[in-house]
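Count the sequence shown with full-length UniProt numbering and you get residues 1 to 743, in order.
Each remark here refers to the structure printed beneath this line.
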Amino acid sequence: MAMRHRLRSIPFSSKILTYVIICSTALFLRVRVVMSCEFPEALRMEEADPPWISHVRAGPATATSGGGTVGVLPHDTEYFIRRSVMEVHYPGAPDRAHVRWRCSMAYNNKLLLKRQDHLINNFYRCVKINFRSPSLVQIAWSYEARKFDLALCGDEALTLDPWLLVRSQSLHLDHAQCPFSGGFDMKLTDSQLGDSACNLMLRPMRLETECVGGDGVTFDFVSSNCLPDVRMFVHQRTLCVANWKDQENHYVVLRRNEDSDLWCFVMPASKSLHSTKTAYLYSDLACMQHPPVSESASPSKSPSLPSSGKSPRYFTLRLNTRIYSTLCEDEYSACSSITCNAYVERECQRSCRVCDPENSFSSCEYPRRLQGLWQLQDIDGTRQLQISGSNFTLARVGNFHCVTYPDGPKRKSRVYTAVTLSDNGCRPRYSCLKIKRLGPAVISYSLSHSFTWPGLQEHFGSKICADDRFFPDPSPLDDLYRSYQGSGKPVVSLSPKAQLVNCNISAVMNVSAELLEGYTCQGKIYKHCEDPTKLRVEYNSCGGDGAAITSDYRCMANFDGHYWEKIILLQNIHKPEDSRCFVFSQYYPGEAYSLLAAQCDKHAFEFARSGLRKPLARVTFNLQGDKCKSWSLETVTVPTTVSSRTVTSQPQRLVNSHATMGDQSRQGHGGSGTLELVEGAEPKHSYREPGTSVVQKSLSVENGETVESPTSDRSSGLRLWTPVLSVCVYSAAIIAILQMPLT
1 MAMRHRLRSI PFSSKILTYV IICSTALFLR VRVVMSCEFP EALRMEEADP PWISHVRAGP
61 ATATSGGGTV GVLPHDTEYF IRRSVMEVHY PGAPDRAHVR WRCSMAYNNK LLLKRQDHLI
121 NNFYRCVKIN FRSPSLVQIA WSYEARKFDL ALCGDEALTL DPWLLVRSQS LHLDHAQCPF
181 SGGFDMKLTD SQLGDSACNL MLRPMRLETE CVGGDGVTFD FVSSNCLPDV RMFVHQRTLC
241 VANWKDQENH YVVLRRNEDS DLWCFVMPAS KSLHSTKTAY LYSDLACMQH PPVSESASPS
301 KSPSLPSSGK SPRYFTLRLN TRIYSTLCED EYSACSSITC NAYVERECQR SCRVCDPENS
361 FSSCEYPRRL QGLWQLQDID GTRQLQISGS NFTLARVGNF HCVTYPDGPK RKSRVYTAVT
421 LSDNGCRPRY SCLKIKRLGP AVISYSLSHS FTWPGLQEHF GSKICADDRF FPDPSPLDDL
481 YRSYQGSGKP VVSLSPKAQL VNCNISAVMN VSAELLEGYT CQGKIYKHCE DPTKLRVEYN
541 SCGGDGAAIT SDYRCMANFD GHYWEKIILL QNIHKPEDSR CFVFSQYYPG EAYSLLAAQC
601 DKHAFEFARS GLRKPLARVT FNLQGDKCKS WSLETVTVPT TVSSRTVTSQ PQRLVNSHAT
661 MGDQSRQGHG GSGTLELVEG AEPKHSYREP GTSVVQKSLS VENGETVESP TSDRSSGLRL
721 WTPVLSVCVY SAAIIAILQM PLT
């Protein structure tokens, strides 16, 4: 009763204040505000690092004023980002003072910044950081306000800066899949110089993208007289560094492999029924949703540089799709109305009757023993290969129709000439395939670099399959699509069901497996006593948590690697999409490497040991007395405690260009792509078709722990609000009780 009197003695206004504080605290936790904050680790610099650069302009590489080395692209802005401080310098405007921002609060996956420099000390802005690749960042900025206001971090208050931030020193490692494929006749308009005179030529300039997997985006300006001021060659292949999409456009950052020149290519995202599209190529690295109306109107349009600078230079590309359904076609529609002569016959083969469109090639069939459904497991995910009749169809790479030429490879050589015909405007391709059987359930293939129609006029067979056509793509693609000469990519049979092979392991192996992030697992590898086609990988302890990982595999093939090397190719019994190998060397006894199946070629051991190819695990082992061990083939141990660990694999920069700072803040300074460390896991960088929706995630910090929650899950949001409402109702009930008269 005394306690009751003491509670009643508290003024009612204080009780209301208590109630407000409790509810405010609950709401505070709901919106996930963190009063102290830092910039994402992947964005921060070390003391000696050159700065992030922005407002990158077309032109030859120069030295940066921020202490970088020669080779940095010309730019107007530099960002120095360390922990909670970001300084913006303007080497393009030496008379302009730098601006210093301090991160004062993390709020709903955004950062509230306070300006702290010698000019102003009481302005606030909010930013949202979007990682387009580990070396490319795009920032959304709010307007400036004189007072602290969380409304600055509302989505409607943020404007995406079209000028990207670039980390020059690591840019060459970044790569992303190009988000669309197709071929187009092209007409150009320069934002400064107007229409190209070559728009009037009969033979059109061309743009082609990903006509065969790994091709990237290729510009064909036909003649040096047609080259715009865009720092390209007449025939220029570019790599896709990063891509992302909004409701209107695809945005693709392109890089020329020879150096670090960058462009932003903006293509409409809508699948229009019309064959004509209008795209934009920015030679200054600004990815704008719409081009500026004029050179003099609102010159900057950049939230980070609001009062100075000039509009980015860009080129308007008017693209028209023309379908090439045979190897006997005209290059342009005017062929039907011009007089044929020796000069135009090559460009107007169909109209000049140089060839027969009904009989433009002779088809052949792939051997019946190769036909079926196969699986490729590589660092960019899992792809299916279908071999049926005349068609060799590899997902996200292309369809290769078997054809024969009089001077082509002999049938018994297992080398096949092929053509690729598309309905997306790409011109036909001539390619060569080398196929080798490694076991009853495994084959390997090697794909040549292609010739583009009508590039060949004679000696088709011998030129298409010449040895010098087999080499990998430039780094960072390397052998992702095309193998090194003399090697190939193993693929595993899915159907028809094939015969397994003996695992060819002579004794139980005591192993220590070193995973790429430094974790070490102790365990055993052994084959089954009753069924020698089965292999178990058993890790009894991994790192300090003592996690157990057990995976059972089928042995799909045993084959030779390079000279004294042996390879055992495996498929996970409980997860068939997981296929990998162990490669052993007589020259390094007691040492082995585990790699994804597509990397298991004659270079596997050498490249894994030297660091050119990053394996799933480096294994040291010694042989035990037992030859085998038995286990129930019906059981499996599912790992649960180490699923958050990651190991990297080449290429290092296959990344999600839609990642925000929350997704990147837990990665290292390089921010490279990852593969799940769990035995049997598939790569994180699995392919996603353009347009496929992804549940976006928001990042928060509660009691020092990172929490991710899908922002699109309404029922989840309701559950998160329930504790808040409960606290408020409970507090109101307490206050009501305190106000009741004593009886």
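In this text, a Cβ means the ideal position worked out from N, Cα and C, and glycines have one as well.
Report the CB separation of M556 from A441 in whole angstroms; it is logged as a contact under 8 Å. What you label residue 556 is simply residue 556 of the sequence shown in a count that begins at 1. What you label residue 441 is simply residue 441 of the sequence shown in a count that begins at 1. The pair is a contact, with the Cβ atoms about 5 Å apart (cut-off 8 Å).
Strictly by DSSP, which residues pair up with Q375? Here residue 375 is taken as the residue at index 375 of the sequence shown, counted from 1. Per DSSP, Q384 and V492.
Excluding the 5 residues preceding and the 5 following G214 in the sequence, name in chain order all residues of the same chain whose CB lies nearer than 7 Å to its CB. Taking the first residue of the sequence shown as position 1, residue 214 is located at position 214. Result list for G214: D473, L477, L480, Y481 and R482, in chain order.
What residue range does the beta strand (DSSP E) around K463 cover? Stepping through the sequence shown from its first residue, residue 463 is reached at position 463. Taken as a continuous stretch (DSSP letters only), K463 belongs to no beta strand (DSSP E), being part of the alpha helix (DSSP H) at F460 to I464.
Are the beta-carbon atoms of Y553 and N572 separated by less than 9 Å? Here the question's residue 553 lines up with position 553 in the sequence shown. Here the question's residue 572 lines up with position 572 in the sequence shown. Yes, they are a contact pair.
Beta-carbon proximity check, residue 749 vs Y445, cutoff 9 Å: It is not possible to answer for residue 749, since the shown part of the chain is limited to 1 through 743.
Assign T339 to buried or exposed, taking buried as 16 or more other Cβ atoms, counted over all protein chains shown, within 10 Å of its Cβ. The residue given as residue 339 occupies position 339 in the sequence shown. Counting Cβ neighbours within 10 Å, T339 comes out exposed, since fewer than 16 surround it.
With DSSP as the reference, label H98 as helix, strand or coil. Numbered from its first residue, the sequence shown carries residue 98 at position 98. Here H98 sits in coil by DSSP.
Bridge-paired residues (DSSP) for M105: Locating residue 105 in the sequence shown gives position 105, where the first residue counts as 1. Paired residue(s): L112.
Using 8 Å as the Cβ pair cut-off and three pairs as the minimum, do the stretch 256-276 and the stretch 70-79 touch? yes
Find the nearest neighbour of R536 within the set Q236, L516, D468 and V511, judged by alpha-carbon distance. On the sequence shown, residue 536 is found 536 positions in, with the first residue counted as 1. Checking every option, the nearest Cα to that of R536 belongs to V511.
N-terminal and C-terminal residue of the beta strand (DSSP E) that S133 is part of: Taking the sequence shown and counting its residues from 1, the one referred to as residue 133 is at position 133. Unbroken beta strand (DSSP E) run through S133: Y124 to S133.
Considering just the uninterrupted stretch of the beta strand (DSSP E) at S610, what are its terminal residues? For the purposes of this step, residue 610 is taken as the residue at position 610 of the sequence shown. No beta strand (DSSP E) holds S610; the alpha helix (DSSP H) holding it covers A604 to S610.
Considering only their Cβ atoms, is the gap separating D378 from Q177 smaller than 9 Å? Taking the sequence shown and counting its residues from 1, the one referred to as residue 177 is at position 177. Taking the sequence shown and counting its residues from 1, the one referred to as residue 378 is at position 378. Contact flag unset, no.
Three-state secondary structure (DSSP) of residue 773: Any answer about residue 773 is impossible in this case: the structure gives the chain only from 1 up to 743.
Can you find the residues in the same chain that come closer than 6 Å, C-beta to C-beta, to F221, ignoring five residues on each side of it along the sequence? Start at 1 with the first residue of the sequence shown, and residue 221 comes out as number 221. Counting only Cβ-Cβ distances below 6 Å, and skipping sequence neighbours, we find M205, L227 and V234.
M267 versus F315 - alpha carbon distance: Here residue 267 is taken as the residue at index 267 of the sequence shown, counted from 1. Here residue 315 is taken as the residue at index 315 of the sequence shown, counted from 1. Those two C-alpha atoms are separated by around 12 Å.
Which one of F361, W453 and G488 has the shortest CA to CA distance from residue 748? The displayed coordinates of the chain run from 1 to 743. Any statement about residue 748 would go beyond what the structure contains.
DSSP bridge partner residues for S444 (one or two, in chain order): Position 444 of the sequence shown, counting from 1, holds the residue named residue 444. Answer is K436 and P490.
Throw me the rounded Cβ distance for the A286 and P162 pair, which I believe falls under 8 Å. Taking the sequence shown and counting its residues from 1, one reaches residue 286 at position 286. Taking the sequence shown and counting its residues from 1, one reaches residue 162 at position 162. With a Cβ gap of about 4 Å, A286 and P162 count as contacting.
Could you check if H401 is buried or exposed, using at least 16 other CB atoms within 10 Å of its CB as the buried criterion? Looking up residue 401 in the sequence shown gives position 401. Counting Cβ neighbours within 10 Å, H401 comes out buried, since at least 16 surround it.
If you scan the UniProt domain "DUF7042" (176-296) from start to end, which runs of the beta strand (DSSP E) of 3 or more residues do you find wholly inside it? 182-190, 205-209, 217-220, 235-245, 249-256, 262-268 and 276-282
Whole-angstrom Cβ separation of F39 and R96, contact assumed at under 8 Å? Working through the sequence shown from its first residue, we reach residue 39 at position 39. Working through the sequence shown from its first residue, we reach residue 96 at position 96. Between R96 and F39 the Cβ distance is about 23 Å, and since that is not below 8 Å, they are no contact.
Flag this pair as yes or no: are the beta carbons of K110 and L43 separated by less than 9 Å? Walking along the sequence shown from the start, residue 110 turns up at place 110. Walking along the sequence shown from the start, residue 43 turns up at place 43. No, Cβ-Cβ distance for K110 and L43 is not below 9 Å.
Grab the span of the beta strand (DSSP E) containing Q571 for me, first residue to last. Taking the first residue of the sequence shown as position 1, residue 571 is located at position 571. That run of the beta strand (DSSP E) goes E565 to N572.
In whole angstroms, what is the alpha-carbon distance linking residue 765 and N399? No information on residue 765 is available, as it lies outside the stretch 1 to 743 that the chain covers here.
Would you mind working out which of H528, E46 and L370 sits nearest S495, comparing C-alpha positions? Counting from one through the sequence shown, the residue named residue 495 turns up at place 495. Closest option to S495, Cα to Cα, is L370.
Give the DSSP-derived three-state secondary structure of C503 in the structure shown. Here residue 503 refers to the residue found at position 503 of the sequence shown. Coil, per DSSP.
According to DSSP, what are the bridge partners of G590? For this step, residue 590 is matched to residue 590 along the sequence shown. DSSP lists no partner for G590.
Could you give the C-beta distance for G183 and R427, rounded to a whole number, given that I count them as a contact under 8 Å? The count along the sequence shown starts at 1 and reaches residue 183 at position 183. The count along the sequence shown starts at 1 and reaches residue 427 at position 427. Rounded, the Cβ-Cβ distance is 6 Å, consistent with contact.
From S413 to P367, what does the alpha carbon distance come to, in whole angstroms? Translated into the one-based positions of the sequence shown, residue 413 becomes position 413. Translated into the one-based positions of the sequence shown, residue 367 becomes position 367. Those two C-alpha atoms are separated by around 12 Å.
L207 classed as buried or exposed, judged by whether at least 16 other C-beta atoms fall within 10 angstroms: Locating residue 207 in the sequence shown gives position 207, where the first residue counts as 1. Per the 10 Å Cβ criterion, buried.
For K412, three-class secondary structure by DSSP: Numbered from its first residue, the sequence shown carries residue 412 at position 412. Looking at K412 - three-state DSSP - the assignment turns out to be helix.
Compute the beta-carbon to beta-carbon distance between C240 and V217, rounded to the nearest angstrom, for a pair I have assumed lies under 8 Å. Against the sequence shown, residue 240 aligns to sequence position 240. Against the sequence shown, residue 217 aligns to sequence position 217. Going by Cβ atoms, the distance from C240 to V217 rounds to 7 Å, so yes, they are a contact pair.
Reduced DSSP category for G670 - H, G, I as helix; E, B as strand; rest coil: For the purposes of this step, residue 670 is taken as the residue at position 670 of the sequence shown. Its pLDDT being 37, under 50, G670 is placed unreliably in this model, and the value from its coordinates should be taken loosely. It is coil, neither helix nor strand.
At the level of alpha carbons, what is the spacing between P651 and G611? One-based indexing of the sequence shown puts residue 651 at position 651. One-based indexing of the sequence shown puts residue 611 at position 611. Reliability fails at P651, whose pLDDT of 43 lies under 50, so the model's placement of it is uncertain and no value is given.
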